[in-house]
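K.L.:
Each residue of the sequence shown is one higher than the one before, counting from 262 in our numbering.
Ideal Cβ positions, reconstructed from N, Cα and C, are used throughout, including at glycine.
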Amino acid sequence: MEGIFVTSSEGMPATTGSEATGSQDMFNRELDTYRRIVDANLMFHREVYRLLRDVLTELAPASFRFLDVACGDAGASAATLRTTTIGNYVGIDLSEASLRLAARELDILPCPVELRCSDFAHAMATWSEPVDVIWIGMSLHHLPTEGKARLMRHARRALGGMGLFVIWEPALFEGEDRAAWLARFSLLRDEWSAVSDEEFAAMERHMLLADFPETAATWLGMGRDAGFSHAEEIFVMPNRMGRMFRYWN
262 MEGIFVTSSE GMPATTGSEA TGSQDMFNRE LDTYRRIVDA NLMFHREVYR LLRDVLTELA
322 PASFRFLDVA CGDAGASAAT LRTTTIGNYV GIDLSEASLR LAARELDILP CPVELRCSDF
382 AHAMATWSEP VDVIWIGMSL HHLPTEGKAR LMRHARRALG GMGLFVIWEP ALFEGEDRAA
442 WLARFSLLRD EWSAVSDEEF AAMERHMLLA DFPETAATWL GMGRDAGFSH AEEIFVMPNR
502 MGRMFRYWN
């Protein structure tokens, strides 16, 4: 792998040594929780990334340019992409700590890798480089509805009228509101035995503050409104908390 790690501290406040230590401790705790969730397949990462590989095999061109939006530590992406015909990888995330982990995970890829520390909505609004595939996994739902729609328009523009846009996001049932969706997650507590009560409660608090799911019809409609001629639901998580969609022209 040829690696380029680009970071930007624009707009980030300076931190003291004690603040940095506290932030790192919190990051390490959250990372440990996340990895136990992935290892136990509680969010169905295995099925999602297996399907992503299948989609790339079917539709992506040879030596495709892959943009991983809100890539996190990129562990699942790296494992998926290593057996594809990827020609270039760019990952975007706001967390420098996550990107440092991603740099190690992505070392297995047989292509140039670039990692950029940036707010993903801002990065997509100003994106000007050619790309064949854009992937967003469990991140777009943090934006309000208009923010989601705006990012989809930016994705359509970035793909240049061609290419493939794939997302995996929380989804409401038709007629369901956000409160009912959050209540559905709370009912999964017994299935999530890999995390402690404290960790599960922290997830519930985070979701209450930051998660804004849409119905499948809305997710599909936003893609069509963004200019994609095809929009398709391709996977429903077995617990029905989220779905995968692909958009293309």
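Among all the DSSP beta bridges, which residues are the ones paired with P431?
P.N.:
Counting from 1 along the sequence shown, the entry for residue 431 is found at position 170. G503, per the DSSP bridge assignment.
K.L.:
Where does T341 sit, in a helix, a strand or coil, going by DSSP?
P.N.:
The residue you call residue 341 lines up with position 80 of the sequence shown. The answer is helix: DSSP assigns T341 an H, G or I state.
K.L.:
Between the segment 309 to 326 and the segment 490 to 500, do at least 3 Cβ pairs fall closer than 8 Å?
P.N.:
With the cut-off at 8 Å, the segment 309 to 326 and the segment 490 to 500 touch.
K.L.:
Thinking V374 and W396 are a contact (beta carbons under 8 Å), I'd like their distance in whole angstroms, please.
P.N.:
Position 113 of the sequence shown, counted from the start, is the residue given in the question as residue 374. Position 135 of the sequence shown, counted from the start, is the residue given in the question as residue 396. Incorrect: roughly 15 Å between the Cβ atoms, too far for contact.
K.L.:
Are the segment 311 to 326 and the segment 386 to 395 touching by the rule of at least three beta carbon pairs closer than 8 Å?
P.N.:
With a cut-off of 8 Å, the segment 386 to 395 and the segment 311 to 326 count as touching, because enough Cβ pairs lie within range.
K.L.:
State buried or exposed for H402, treating a residue as buried only when at least 16 other CB atoms are found within 10 Å of its CB.
P.N.:
Sequence index remark: in the sequence shown, residue 402 carries index 141 (1-based). Buried is the call here.
K.L.:
Could you check which residue in F434, L425, V456 has the C-alpha nearest to that of W509?
P.N.:
Position 248 of the sequence shown, counted from the first residue, corresponds to residue 509. Looking at the Cα atoms, L425 is the closest of the given residues.
K.L.:
Three or more C-beta pairs under 8 Å: does that hold for the segment 366 to 384 against the segment 332 to 346?
P.N.:
Yes: the two stretches touch, three or more of their Cβ pairs being nearer than 8 Å.
K.L.:
Starting from F496, follow the alpha helix (DSSP H) in both directions and report where the run begins and ends.
P.N.:
As a first step, residue 496 must be located in the sequence shown, where it is residue number 235. Looking at the DSSP string, F496 is not in any alpha helix (DSSP H); the run it does join, the beta strand (DSSP E), is 491 to 497.
K.L.:
According to DSSP, which residues form a beta bridge with Y350?
P.N.:
Here residue 350 refers to the residue found at position 89 of the sequence shown. According to DSSP, Y350 bridges with F327, V374.
K.L.:
Which of the three DSSP states is assigned to T476 in this structure?
P.N.:
Within the sequence shown, the letter at position 215 stands for residue 476. Note: T476 maps to strand in three-state DSSP.
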